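Working notes for the structure below.
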Amino acid sequence: MTSHAHVVIIGGGATGAGVAHDLALRGLRVTLLERGELTSGTTGRHHGLLHSGGRYAVGDQESAVECIRENQILRRIAPGSFEENGGLFVALTDEDMDYLNPFLNACEACGIPATVHRAEAARQMEPGLNPEVKAAVEVPDATVDPMRLVLRFFATARRNGADLRTFTEVTGLACTARTVSGVLARDLVTERDYEIAADLVVNAAGPWSGQIGQMAGVTVPMRLSPGVLLAVRGRFCGRVLNRLHKNADGDIIVPQRGLSVVGTTSWVVDDPDVPPVPADHVARMYTEGCKLVPAIAAAERRSAWSAVRPLVGGGAASTGRELSRTFQCFDHKQTEGVEGLVTITGGKATTLRAMAETAADVVCAKLGLDATCRTAGTILAPHGAYFTERGERYDRD
Amino acid sequence: MTETEQQAPAQVRRFRITRRRHGAARPRVDEFNVAVGPETTLLDALREIRSHQDRSLTLRYSCCHASCGTCGMRANGREVLACVTPLASLGRGPIAVEPLANARVEHDLVVDMRDLYESLEPTGRPLIRQDEQLAGRGAPAPAFARYEDCIECGLCVSACPITGSDPLYPGPAALAAAWRTVAEPRGADPLRVLAWADDEQGCWRCHASFECTEVCPSGVDPAGAVLALRRELTRRKLGQLTRRGRHRR
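The listed protein sequences correspond, in order, to chains G and D. Here the first sequence is numbered in the working numbering, starting from 1 and rising by one per residue. Here the second sequence is numbered in the working numbering, starting from 1001 and rising by one per residue.
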């Protein structure tokens, strides 16, 4: 099916990548605008963890179920993008052991394969682990390269005709009579302003979604929750290591190439640009990380940074941990009577394909198109294709 | 900026950024002053300029921890990843920031990565792939199976004195990738890759200045890989000669 409907997507992160790929595959005309390089916002800065869903199994079942389902789909459609290393949830204290059975029951309820290993076996599997380990649960977590996985969605979207415009900043939305009819954009390379007409605009701007919504006078109910991550030199484990307890600061270590990434913290901010990296949060990554792997304590710091999670929800969330990691799609015609604008936000990098499917279903329903999602069965182009198959657009004549 | 930085007295650093703007015949140099702290990185400072001084400054970045390889550039003439380069490591004077060399500049600090990615194609591209095959090879822990270390940043290519003068030379990144395929084929054909590297414009063209290895942010050692390719080719050729000799006798 080919449709002449034109959809403009705002935001070149994981969400925008997924939506561009899904809509292009359904035959729509797609233009994507990103003010910087692709994946230069939250997407590029995440932990590098392909979630099994284990982390959310006890407290946030909806997200856990989404994660395990998408984990399995992504492995099929993006072969080669994951380190098939698996993950362990590690119990270090009696309190952690009290969490073992609720955790196993929750994994079973969510369909997450989980295998219990005794302390001795866990130490053999991961010699760097704290010798106090009491038990460990193996789940299908994996290490993923955040940018390169998402570039595969972009490369495939472009093969299917999507026009991807980087270094193009959205300066406003063209609105008349409570209808969004296009996007005002500024090409940062040529420093030219222009307008693009759209049958529908998809707001996939992650933590900047609220600002985009404001351009059309709508409110996106979301919370900006940064987390600090610490990368140290040296690879201290083969698998992803999680602490077996209620989610807290510094309780995940993801091995990435020759680095180990410890994360994370969680609080709430108002400004999505340049989130702070508080020194005490970085210190906490060391003190908490070395509980799982003692060698972290003396490891050389390679980098510390923060990434802003765009979480769905409003109200008085204080740390962001109480908010679900699930995603939501808002048709602003239904929320505030503004036609022509759809926002997709929340979620995780692991669930980007499902987020896109949900958003694309809403887009097609609004445009009156009968096109089904095919992304779960479509193998993605390699990430290098994003660069090697690029046209000469940057010449910007 | 971090809390430590907010507490410390701010210092002002001067940046001289070489920028190729759209339609301009020559790049120009723009100067910016930025208040920085003891831990501010080059990327922090450039993002600060972009956010508060000049929104048209274009640069690439993504992961902020030397894993994605997008923020390669030259600072005071040296190839660096901006995200892991503290300003404190760049002397006390003004900091000259330029795009990577030996690559086509698109605009400002953004270079075209196509040549790099194309150069990797004939090598079997062992850079990112599943590690299933590596697991269970009997390697004793903790020699973990893992992603390849190369992050495709192009720093080695920028620093290479041969790449600049010889367009036919595949460059250190591609030769390092070729050596990975030969050392650990994981289903690829090492003979084909060896034959590709065995060329006077190939691994024999390198002058072993080790600039590539010096600037690699990921410890890949492309120069070592080139020498390893030569050793392997020499070993195989000697082996053929010996076998031929034996045959004659």
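A virtual CB, placed ideally from N, CA and C, is assigned to each residue, including glycine. For clarity, every value in this text was computed on a predicted model and none was experimentally measured.
If you measure between the beta carbons of N242/G and F387/G, is that distance less than 7 Å? no
Taking 7 Å as the CB-CB cut-off, is G44/G touching chain D? yes
CB-CB length for D141/G against G87/G, believed under 8 Å: 3 Å
Check whether the Cβ atoms of I212/G and V8/G sit closer than 7 Å, and answer yes or no. no
Using the rule of at least 16 other Cβ atoms within 10 Å of the residue's Cβ for burial, across every protein chain shown, is W1204/D buried or exposed? exposed
Just to confirm before moving on: does the CB-CB distance between G1076/D and G1164/D stay below 7 Å? Checking the displayed sequence, the identity of residue 1076/D turns out to be Asn instead of Gly. No. Outside cutoff.
Rounded straight-line distance, which links the Cα of E84/G to that of Q1133/D: Note that Q1133/D scores a pLDDT of 37, beneath 50, so its modelled location is shaky and nothing firm can be said.
Which residues, in chain order, does the segment 1210-1229 of chain D contribute to contact with chain G at a C-beta distance below 9 Å? S1218 and G1219
Would you check if there are 3 or more beta carbon pairs closer than 8 Å linking the segment 18-28 of chain G to the segment 364-378 of chain G? yes
Looking at C-alpha atoms only, which residue of G368/G, G377/G and P382/G is the closest neighbour of H4/G? G368/G
Give the residues from the segment 296-312 of chain G that approach chain D closer than 7 Å (Cβ to any Cβ), ordered along the chain. R302, S303 and W305
Identify the contact partners of R1114/D in chain G, using a Cβ-Cβ distance below 7 Å as the criterion. F387, T388 and R390
What's the C-alpha gap between A1066/D and V1105/D? 21 Å
Does the CB of R1020/D have a neighbour CB from chain G at under 7 Å? no
For chain D, check one thing: does any of its Cβ atoms lie closer than 7 Å to the Cβ of D273/G? yes
Beta strand (DSSP E) runs contained entirely in the segment 237-296 of chain G, provided each spans 3 or more residues: 240-243, 252-256 and 259-263
Straight-line gap, G384/G to V201/G (C-alpha atoms, nearest Å): 28 Å
Do you know how far the Cα of R1055/D is from the Cα of E1031/D? 14 Å
If you drop the 5 nearest sequence neighbours on each side, which residues of the same chain put their C-beta closer than 6 Å to that of F425/G? Because chain G here runs from 1 to 397, residue 425/G falls outside it and cannot be looked at.
Member of L38/G, R186/G and R309/G whose CA lies at the smallest distance from the CA of T168/G: R186/G
Neighbouring residues, chain D, relative to E95/G (Cβ below 7 Å): Simply none; closest approach about 28 Å.
Three-way DSSP call (helix, strand, coil) for Q1133/D in this model: Note on Q1133/D: pLDDT 37, under 50, position unreliable in the model; no value is reported.
Determine the closest residue to R118/G out of C107/G, V137/G, P127/G and N105/G, with distance taken between C-alpha atoms. V137/G
Could you check which residue in A1025/D, C1212/D, A1096/D and P1027/D has the C-alpha nearest to that of N1033/D? A1096/D
Taking 8 Å as the cut-off, does the segment 213-221 of chain G touch the segment 290-301 of chain G (at least 3 CB pairs, one atom from each stretch)? no
Just to make sure I have the definition right: I need the residues of chain D whose C-beta is within less than 7 Å of the C-beta of L406/G. Which are they? For chain G, the structure presents residues 1 to 397; residue 406/G sits outside this window and is missing.
On the CB-based measure, 16 or more other CB atoms within 10 Å of its CB, does G1239/D come out buried or exposed? exposed
Whole angstroms are fine: how far does the CA of L1090/D sit from the CA of V133/G? 43 Å
Run the CB neighbour count on H101/G, radius 10 Å, all protein chains shown included, and call it buried at 16 or more, exposed below. Per the sequence shown, the amino acid found at residue 101/G is Asn instead of His. Looking at its Cβ environment, which holds fewer than 16 other Cβ atoms inside 10 Å, N101/G is exposed.
Could you check where the beta strand (DSSP E) with T1018/D kicks off and where it finishes? Q1011 to R1019
Determine, using beta carbons only, whether R165/G and A381/G come nearer to each other than 7 Å. no
Tell me the DSSP secondary structure of R186/G in three-state form. strand
Beta strand (DSSP E) containing G1164/D: first to last residue? Run containing G1164/D: none in the beta strand (DSSP E); it sits in the alpha helix (DSSP H), P1161 to S1165.
So with Cβ pairs under 7 Å, would you call C1068/D a contact of chain G? yes
Suppose only complete runs of 4+ residues qualify. What are the alpha helix (DSSP H) ranges in the segment 126-184 of chain G, listed by chain order? 146-159
Based on Cα-Cα distance, which residue from G54/G, G80/G and L50/G lies nearest to N71/G? L50/G
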